[in-house]
Amino acid sequence: MIRTLLFAAVAACVACTTSESAAEPIAPGSLGTASETPAQMKELTDAVELFQKRDYEGALKLLEEAVKKDPDLPPPHVIMAQFFAQTNVPAGVRNALERAVVDSPDDPQAYLILGDIAMRERRAAEARLLFEKAESLLAQWKGSAKRKDSMMPQLCSGLATTAEARGDWAEARKQLEAWLKLDPKSAAALLRLAQCQFREKDVQGALENLKAAAKINADMLPPEAVLAQWFARSGDQENARKWLIAALTAAPKNPPVRLVAAQWAWETGRLEEAEKQAAAALQLDPNYYQAKILRGIIALFQKDYKAAELYFESAHLQSPKDFAASNNLALALIEQKDEAKRRRALEYAENNVKQFPQMGDAYSTYGWVLYKLGRLQDAEAALRKAISGGTLSAETAYYLACVLADRGRDADAVRLLQSAAQSPAPFAQREEAQSLLEQLRKAQPPQAQPQAQQPQPQK
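Residues 81 to 539 in this note's numbering are what the sequence shown lists, from first letter to last.
What follows is the structure, encoded as structure tokens:
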């Protein structure tokens, strides 16, 4: 659970990634069309106003008129889908795109967008079919040249994404190279091409393209740090350390590099080194939110709950709506003896399950807080909710095991503790989980203990 939250924060250091933004007011100039001056067309401006008044039919009629006047505009329903996306109405987006496919069957853009949606929802096979349909339509495209020029990079990116999803790195590389022929200065394409080369064991080629991407995007992580992350994720910690040293040598005053070094040290059990690197990141940038989160997590692992509280409190004040800060703050507060702090822990945990009802981690922390307050029945209900989505982290397994052990269900607790002990991810209560597991095993009658499998006689 903690690792997932932190990984998301550190991954944000690579500026070539994309993120979804909150709904914002619609601007005619933000339609993403090939037309140079869409904002000057009265039909578009009026369509925006009608859409904001929920007069969708009126807006669509004006968009149809606008498309007749400007061939560089996408189909009306595609523009409507963009309107719905900007106002955070997913159902409206999908319905508009489905209409676009029916009303404009020879236009590829709806297929491209539907393919992107399918990939975000991890439906790779469906996405591939959608992108291939768009590819066939673009191959016989006779419409606006500007629109084709704008759609081709989308197509290459989409086909590369589906190839990456199925591990076809050669095909992904082919599509990314085609994208770069269309847009040689695309840092995103260079970064993804570098990752393909890394997967194909071409580290030098990956490094060269990472350097090229970094020249275009100054906010990107230094190439050496990116390689360190990739090696770490592939399990090659020796090379991860090598490239981290190279990154720290090349950019010792780069806070994100220090953060990557801190995360690697934390993940590999080097808490003192992790603390040192996280502290260095904060010294370089005292307002570095992700560094505050990691420094607080390191303090949790060190059982220094007051220090953890300080870092998470600071992060929460900096970003009150962010889940990571308030969730970890609740964990730091509940471990302390001060009753006022324990009440605050409950308040944060209760608020998070209301604010983030789809997040299992919110219910996991809520369950642990309830357990620490002696509310075993409520704690079990919350923890059952946490695992209802199918994910069982080491922390949640340990929390639920504690509840079940206290309620006399030792056998179930043992199974959960075994799961927690086998987790390779960083786990703050690993020693406590192992100790409880040994205690429960000793208390179980011999016949209740899991039996080791006997070796089968050779034939």
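Note that beta-carbon positions come from the ideal geometry of N, C-alpha and C, so glycine has one too. Just so it is clear, the structure is predicted and the values come from calculations on it, not from any experiment.
R272 has its alpha-carbon roughly 13 Å from the corresponding atom of M300.
CA-to-CA, the gap between N289 and A252 works out to about 15 Å.
Of A204, W323, L217 and E129, the smallest CA-CA separation from A245 is found for A204. Counting C-beta pairs closer than 8 Å gives three or more between the segment 234–243 and the segment 194–202, which meets the contact rule. As for any alpha helix (DSSP H) of minimum length 4 sitting wholly inside the segment 349–373, the runs are 351–364, ordered along the chain.
With contacts defined by Cβ atoms closer than 8 Å, V483 and L456 form a contacting pair. Burial check for K383: the Cβ neighbour count within 10 Å stays below 16, so the residue is exposed. Take the alpha-carbon of V449 and the one of A388: they are about 16 Å apart.
Of the candidates R510, G469 and D187, the residue whose Cα lies closest to the Cα of A481 is R510. Bounds of the alpha helix (DSSP H) holding N289 are V283 to I296. If you draw a straight line from the Cα of Y428 to the Cα of A459, it is about 15 Å long.
If the five residues before and after E353 are omitted, its C-beta is found closer than 7 Å to the C-beta atoms of A345, all from its own chain and listed in chain order. When C-beta atoms of the segment 201–216 are compared with those of the segment 172–179, fewer than three pairs fall below 8 Å, so the two segments do not count as touching.
When rounded, the separation of the alpha-carbon atoms in P400 and P336 is 22 Å. In the structure shown, the three-state DSSP call for P332 is coil. The alpha carbon of Q514 has as its nearest neighbour, out of P525, A477 and R487, the alpha carbon of A477. A residue is called buried when at least 16 other Cβ atoms come within 10 angstroms of its Cβ; A320 meets this threshold and is buried.
Excluding the 5 residues flanking it on each side, A508 has same chain C-beta neighbours closer than 6 Å at L380 and F381, in chain order. Fewer than three beta-carbon pairs drawn from the segment 496–503 and the segment 463–471 are found closer than 8 Å, and the two stretches are therefore not classed as touching. Annotation: N168 is outside any alpha helix (DSSP H) and is labelled neither H nor E by DSSP. Scanning T348, E347, N367 and A341 for the CA closest to the CA of A358 turns up A341. Considering only E206, A412 and E430, the residue with the shortest C-alpha distance to Y191 is E206.
Straight-line spacing of the CA atoms in L411 and I373 works out to 13 Å. The criterion of a C-beta distance shorter than 8 Å is satisfied by Q416 and Y385. In this structure, the beta-carbon distance from M160 to A146 does not fall below 8 Å.
For a cut-off of 8 Å, the C-beta gap from L463 to G447 is around 4 Å, short enough to register as a contact. Between the alpha carbons of L324 and S266 lies a gap of roughly 26 Å. Cβ contact annotation for L496 (same chain, cutoff 6 Å, sequence separation greater than five): A477, L480 and A481, in chain order. DSSP, reduced to helix, strand and coil, places W323 within a helical segment of the structure shown. For A523, same chain residues with a beta-carbon under 7 Å away, outside a window of 5 residues either side, are D490 in chain order.
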